[in-house]
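For the sequence shown, the working numbering begins at 703 and goes up steadily by one.
Backbone N, C-alpha and C define an ideal beta-carbon position, used for all residues, glycine too.
First comes the structure, then the notes that go with it.
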Amino acid sequence: MAEIEHPKPFADWETRAYWEGCGRGEIVLQRCGACSKVQHRPRALCASCLSGDIEHFVASGRGQVYTFTVTLQNNAPGFREACPYVLAYVELEEGPRLLTNVVGCAPDAVSIGMPVVADFTAPDRDLAVPRFRPA
Ligand SMILES: [Zn+2]
């Protein structure tokens with residue numbers, strides 16, 4: 703089973719800090735200075751209170767599988783060869799959920815609530831894609 707070959711992320715002014723963090727092997731999230739809510743995906747404003755007082759911080763990289771499915775068929779280049787693979791929502795310790803992949807174990811070993819840690823497709827590049835492994 704091959705690894706998924708993700709396309710290079712597209713980073714714009716709202717998402718660049720997130721994708722560059724992944725390139726350093728870090729999950730970078732945003733916290734609102736007004737209401738303290740942690741959010742993902744990256745935005746210019748707090749999605750909870752609309753404040754523009756947003757700061758970035760490095761998250762723990764730890765979370766648990768919130769839900770998942772095993773993808774058996776995907777004809778998109780870069781994904782076809784990796785089937786079957788796990789597509790999952792991982793709930794980070796800080797609260798946000800990421801749509802991601804669980805790698806490093808057989809798909810039938812994944813379960814809801816399973817502790818996972820972040821892993822990255824191409825650390826030491828300028829941009830990378832996060833995925834998760836069993837903790
Ligand atoms: Zn807020």
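For alanine 736, is the beta carbon positioned less than 7 Å from some heavy atom of ligand 1? In this structure, alanine 736 has its CB closer than 7 Å to one or more heavy atoms of ligand 1.
Which of helix, strand or coil DSSP assigns to cysteine 724: Helix, per DSSP.
For the beta strand (DSSP E) that aspartate 821 lies in, which residues bound it at each end? Per DSSP, aspartate 821 belongs to the beta strand (DSSP E) from 817-822.
Are there 16 or more other CB atoms within 10 angstroms of the CB of threonine 769, so buried, or fewer, so exposed? Burial call: exposed.
Could you give the DSSP three-state label for arginine 843: helix, strand or coil? Since the first residue shown for the chain is 703 and the last is 837, residue 843 is missing from the structure and cannot be characterised.
Here's a check: name, in chain order, each residue in its chain whose Cβ is nearer than 8 Å to the Cβ of valine 792, leaving out the five neighbours to either side. Excluding its 5 nearest sequence neighbours in each direction, valine 792 has C-beta neighbours in its own chain below 8 Å: Gly765, Gln766, Val767, Tyr768, Arg799, Leu800, Thr802, Val804, Val818, Phe834, listed in chain order.
Could you give the DSSP three-state label for arginine 827: helix, strand or coil? Coil.
Chain-order list of residues whose beta-carbon lies under 7 Å from that of glycine 754 (same chain, five-residue window excluded): Here the set comprises Ala746, Leu747.
Leaving out five residues on either side along the sequence, give the residues of the same chain with a beta carbon under 7 Å from the beta carbon of alanine 808. Cβ-Cβ distances below 7 Å link alanine 808 to nothing in the same chain once the five nearest sequence neighbours on each side are left out.
Specify the secondary structure class of proline 786 as computed by DSSP and reduced to three states. Coil at proline 786, not helix or strand.
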